[in-house]
């Protein structure tokens, strides 16, 4: 792919697995359930900072230091009551005080000999809602809310 070329958001794969607050980020999709009919799963990261005064220098200076990280993944999918991924997500949403999901997102491979970009983490399922209007496609919206950093593996082009 040429530098500056556009990347179609087709071919992404998103996997989930039931977890708890002590779960760790998965390292592969093995043993996980692919979420089908997903139409959005973009990651939005956030880092909170605090201003501090450094007394190590003669006059001191103000600096911003990171104090916490979090992320959200606003998701939307076409409703399929038989989709195993949907069932994992709905269960985690209904039992949000004790359950999380381990998630794993893989990009489409852009070269014939490399490996795709991968992201993974553990998150709570929040803002779970269904949109069922006559004449429209029934859809489910939810947000994966994670605390701390998610993992990232860059795409390799060998």
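Numbering (the working numbering), first residue to last: 231 to 388.
Each residue gets a CB set at the ideal place from its N, CA and C atoms; glycine is no exception.
Whose C-beta lies closer than 6 Å to the C-beta of residue i among residues of the same chain, with five residues either side of it excluded?
i	result
residue 375	302, 353, 354 and 356
residue 235	Unreliable positioning characterises residue 235 in this predicted model, as indicated by a pLDDT of 49, which lies under 50. A coordinate reading is not provided.
Once the 5 residues before and after residue i are set aside, which same chain residues still bring their CB inside 7 Å of it?
i	result
residue 253	330, 332 and 352
residue 269	306, 307 and 308
residue 369	306, 307, 308, 309 and 361
When the Cα atoms are used, what is the spatial distance from residue i to residue j?
i	j	result
residue 325	residue 249	11 Å
residue 273	residue 380	10 Å
residue 260	residue 336	12 Å
residue 257	residue 276	22 Å
residue 282	residue 298	15 Å
residue 358	residue 279	29 Å
What three-state label does DSSP hand residue i in the structure shown?
i	result
residue 276	strand
residue 265	coil
residue 176	The first residue shown for the chain is 231 and the last is 388, placing residue 176 beyond what the model contains.
residue 387	coil
residue 378	coil
residue 271	strand
residue 255	coil
residue 249	strand
Using 8 Å for Cβ pairs, my map puts residue i next to residue j. What's the rounded Cβ distance?
i	j	result
residue 314	residue 263	5 Å
residue 345	residue 334	Contact doesn't hold; Cβ gap of about 14 Å is too wide.
residue 300	residue 242	Actually they do not touch by this definition, with Cβ atoms about 22 Å apart.
residue 304	residue 383	Contact doesn't hold; Cβ gap of about 22 Å is too wide.
Only counting the same chain, and skipping five residues up and downstream in sequence, which positions put a Cβ closer than 8 Å to that of residue i?
i	result
residue 292	281, 282, 283 and 284
- Item | Whole runs of the alpha helix (DSSP H) within the segment 295–376, excluding any shorter than 4 residues | 314–324
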